[in-house]
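Numbering (our numbering), first residue to last: 1 to 416.
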Amino acid sequence: MTNTQQIKIDSAQLTAELDALAKISQEPAPVVTRVVFTEADLRARAYVKGLCTAAGLDVREDAIGNTFARWNGSDAKAGVVGTGSHIDAIPNAGMYDGVVGVLGGLEAIRALQRAGYKPKRSIELLIFTAEEPTRFGIGCLGSRLLAGTMTPDAARALRDKQELPLEEVRTAAGFIGELEKVKLPAGYYSAFVELHIEQGPILEREKIPLGVVTSIAAPASFRLWFEGEGGHAGGKLMPGRRDALVAASEVVIATETAALASGAVDTVATVGVCDVFPGAVNSIPSRVRLELDVRDTDSKRRDAVIGKILAAAEAVGKRKEIGVKTEWINADEPAQSGEEIVAAMCAACEAGGHNYQRMVSRAYHDSLFMARIAPVAMLFIPCRGGVSHRPDEYASPEDIARGTEVLARTLASLAG
Ligand code: HGY
Ligand code: MN
Ligand code: MN
Numbered sequence: 001m002t003n004t005q006q007i008k009i010d011s012a013q014l015t016a017e018l019d020a021l022a023k024i025s026q027e028p029a030p031v032v033t034r035v036v037f038t039e040a041d042l043r044a045r046a047y048v049k050g051l052c053t054a055a056g057l058d059v060r061e062d063a064i065g066n067t068f069a070r071w072n073g074s075d076a077k078a079g080v081v082g083t084g085s086h087i088d089a090i091p092n093a094g095m096y097d098g099v100v101g102v103l104g105g106l107e108a109i110r111a112l113q114r115a116g117y118k119p120k121r122s123i124e125l126l127i128f129t130a131e132e133p134t135r136f137g138i139g140c141l142g143s144r145l146l147a148g149t150m151t152p153d154a155a156r157a158l159r160d161k162q163e164l165p166l167e168e169v170r171t172a173a174g175f176i177g178e179l180e181k182v183k184l185p186a187g188y189y190s191a192f193v194e195l196h197i198e199q200g201p202i203l204e205r206e207k208i209p210l211g212v213v214t215s216i217a218a219p220a221s222f223r224l225w226f227e228g229e230g231g232h233a234g235g236k237l238m239p240g241r242r243d244a245l246v247a248a249s250e251v252v253i254a255t256e257t258a259a260l261a262s263g264a265v266d267t268v269a270t271v272g273v274c275d276v277f278p279g280a281v282n283s284i285p286s287r288v289r290l291e292l293d294v295r296d297t298d299s300k301r302r303d304a305v306i307g308k309i310l311a312a313a314e315a316v317g318k319r320k321e322i323g324v325k326t327e328w329i330n331a332d333e334p335a336q337s338g339e340e341i342v343a344a345m346c347a348a349c350e351a352g353g354h355n356y357q358r359m360v361s362r363a364y365h366d367s368l369f370m371a372r373i374a375p376v377a378m379l380f381i382p383c384r385g386g387v388s389h390r391p392d393e394y395a396s397p398e399d400i401a402r403g404t405e406v407l408a409r410t411l412a413s414l415a416g
């Protein structure tokens, strides 16, 4: 293992690169919006690829835009050690979510190069396409295809909010080739580690600078459509109205009630989208589309909560004569981190004299799908107030440098 004294993180360079990437956004600073395959996303990809090339890494992209920057090891036949995350950002987001794992991963590699470390196993930095569900409605599109948990046909069926098919959007963005070639062969990676901000309050509250993630909660999301009658807000009297939004509102309340009643703190449920049609103040809502996100570290408990939500939707539909339709988006299993990767990460924290704690990830990440094809672990750093997916998301240069240093040591121990 590399002498830890030699691993020096260039925090000023890393901070400058984080700031430069943050400026590549569809919205003016401090807001970061970088939706997949938009012009801003492509500029951001070009910027990071330029940094990888400057570091002497071999860069390639697959048909969905997953980007691989490889530091060749001496044993070309051995399984590769992967690290990385995403650079796409939801609307009105911050500058650290995902990006810390990509630029921190690159700086970890550069720090190892500066320390004279020579990997046996190749080390590969990944930028996953579309970790966020913003454009195509499902998260982790790139890592799902790469891990083979989503079929190319299922991906080809996806359309964005403007009804543009994925195939049209990805090829227009310059990503051609067959989606069938995205899935990696078994054993391609011997390990995958992802550095990420916690997106929660625990590390900051407990004043612990690092979190070693032992499991990633299981996300599920689905749409509920409510079809009522609509009509004139003045002329139609209250009795006999079939107001789709009133029915949907009962289900929104039932969603929170079901999550709170699950008996576990790990159960969370959110109605993040509510589209009302026709959306005129003087017109009774005739159609409502809800999008729901339900998660838990235990998928059975999660599914029991979803069952209660669907039962509430059916009941209100019957009572108010409102048509209710369910459209599934995803229901994934949780992921357990690989014991040997967790051990390497804990040893790397201890080698640097850094305090850490083992913890759960309640947000999902590309590691959730990389865990289907390789042993994984995530390394969390604190984010101020636990805030994320907002422009005031913040991680300090010290916390980022510490996480990057531990990532570098972890990569060095895994790559032999
Ligand atoms: O929603 C999530 O957990 C992730 O930030 N996309
Ligand atoms: Mn996110
Ligand atoms: Mn993320």
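Beta carbons are placed, not taken as given, at the ideal position from N, Cα and C, and that holds for glycine.
None of these values were measured; they are calculated from a predicted model.
Measuring straight from C-alpha to C-alpha, what distance separates residue i and residue j?
{"i": "V271", "j": "S221", "result": "10 Å"}
{"i": "S190", "j": "V81", "result": "6 Å"}
{"i": "F136", "j": "G84", "result": "22 Å"}
{"i": "R110", "j": "L245", "result": "54 Å"}
{"i": "I208", "j": "R384", "result": "13 Å"}
{"i": "R242", "j": "V324", "result": "12 Å"}
{"i": "G187", "j": "M370", "result": "11 Å"}
{"i": "W328", "j": "I306", "result": "11 Å"}
{"i": "V281", "j": "A233", "result": "8 Å"}
{"i": "V213", "j": "D153", "result": "32 Å"}
{"i": "R156", "j": "L42", "result": "21 Å"}
{"i": "T255", "j": "T53", "result": "48 Å"}
{"i": "A311", "j": "M238", "result": "26 Å"}
{"i": "A347", "j": "V406", "result": "9 Å"}
{"i": "L379", "j": "A16", "result": "22 Å"}
{"i": "Q6", "j": "A412", "result": "12 Å"}
{"i": "V35", "j": "P165", "result": "15 Å"}
{"i": "A315", "j": "N330", "result": "24 Å"}
{"i": "L103", "j": "G240", "result": "58 Å"}
{"i": "A12", "j": "I138", "result": "35 Å"}
{"i": "M345", "j": "P397", "result": "20 Å"}
{"i": "Y47", "j": "F37", "result": "14 Å"}
{"i": "A69", "j": "A115", "result": "19 Å"}
{"i": "E433", "j": "I253", "result": "Nothing in the structure corresponds to residue 433, since the chain is present only between 1 and 416."}
{"i": "G228", "j": "C140", "result": "34 Å"}
{"i": "E339", "j": "L368", "result": "15 Å"}
Closest by CA to residue i, which one among the options?
{"i": "V376", "options": "E227, I341, G416, L164", "result": "I341"}
{"i": "Q199", "options": "R362, I24, S396", "result": "R362"}
{"i": "N66", "options": "C349, A173, S249", "result": "A173"}
{"i": "I322", "options": "A248, P239, L290, S388", "result": "A248"}
{"i": "L292", "options": "K308, A269, C349", "result": "A269"}
{"i": "D366", "options": "D88, N355, P201", "result": "D88"}
{"i": "R409", "options": "Q113, E204, I127, K23", "result": "Q113"}
{"i": "G98", "options": "A351, E131, F68", "result": "E131"}
{"i": "V59", "options": "A374, G104, L125", "result": "L125"}
{"i": "A40", "options": "L51, A22, G50", "result": "A22"}
{"i": "K161", "options": "T171, V273, L368, H389", "result": "V273"}
Flag this pair as yes or no: are the beta carbons of residue i and residue j separated by less than 9 Å?
{"i": "P334", "j": "A217", "result": "yes"}
{"i": "G211", "j": "R358", "result": "yes"}
{"i": "G317", "j": "I284", "result": "no"}
{"i": "L106", "j": "I400", "result": "no"}
{"i": "F226", "j": "R287", "result": "yes"}
{"i": "A313", "j": "V265", "result": "no"}
{"i": "V169", "j": "L145", "result": "no"}
{"i": "R301", "j": "G353", "result": "no"}
{"i": "E167", "j": "P91", "result": "no"}
{"i": "I202", "j": "A258", "result": "no"}
{"i": "T326", "j": "R159", "result": "no"}
{"i": "L18", "j": "Y117", "result": "no"}
By Cβ distance, which residues of its chain are closer than 6 Å to residue i, with the 5 residues on each side in sequence left out?
{"i": "R372", "result": "A147, T149"}
{"i": "P219", "result": "R295, D332, Y364"}
{"i": "A55", "result": "R110"}
{"i": "Y356", "result": "L210, V212, C349"}
{"i": "G142", "result": "I64, N66, F128, T129, A130"}
{"i": "P391", "result": "P30, V31, G94"}
{"i": "D275", "result": "R289"}
{"i": "F192", "result": "G82, M370, A374, V376"}
{"i": "E180", "result": "P152"}
Ordered along the chain, which non-local residues of its own chain (more than five positions away) have a Cβ less than 7 Å from that of residue i?
{"i": "K120", "result": "G73, S74, D75, A78, A415, G416"}
{"i": "W71", "result": "L57, I109, P119, S122, I123"}
{"i": "G101", "result": "G84, S85, E194, L195, H196"}
{"i": "F175", "result": "E61, A63, I64, G65"}
{"i": "I9", "result": "E107, A111, A401, T404, E405"}
{"i": "A44", "result": "L21, I24, R34, I87"}
{"i": "T267", "result": "A259, D296, R301, R302, V305"}
So is residue i in contact with chain C if we call contact Cβ pairs under 9 Å?
{"i": "T410", "result": "Of the protein chains in the structure, only one exists, and it is not chain C."}
Can you list, in chain order, the residues of its chain whose CB lies under 8 Å from that of residue i, leaving out five sequence neighbours each side?
{"i": "N387", "result": "As written in the sequence, residue 387 is Val, which differs from the Asn given in the question. Cβ neighbours of V387 beyond the five flanking positions: G94, E393, Y394."}
{"i": "S215", "result": "T297, P334, A335, Q336, S337, V360, S361"}
{"i": "E178", "result": "A63, P152"}
Requested in this report: Pull every residue with its beta-carbon under 5 Å away from any heavy atom of ligand 3, and keep them in chain order.
Outcome: Cβ-based neighbours of ligand 3 within the cut-off: D97, G98.
**Report entry** Residues near ligand 1, criterion Cβ-heavy atom distance below 6 Å
**Finding:** Listed along the chain, these residues meet the criterion: E131, E132, G139, A363, Y364.
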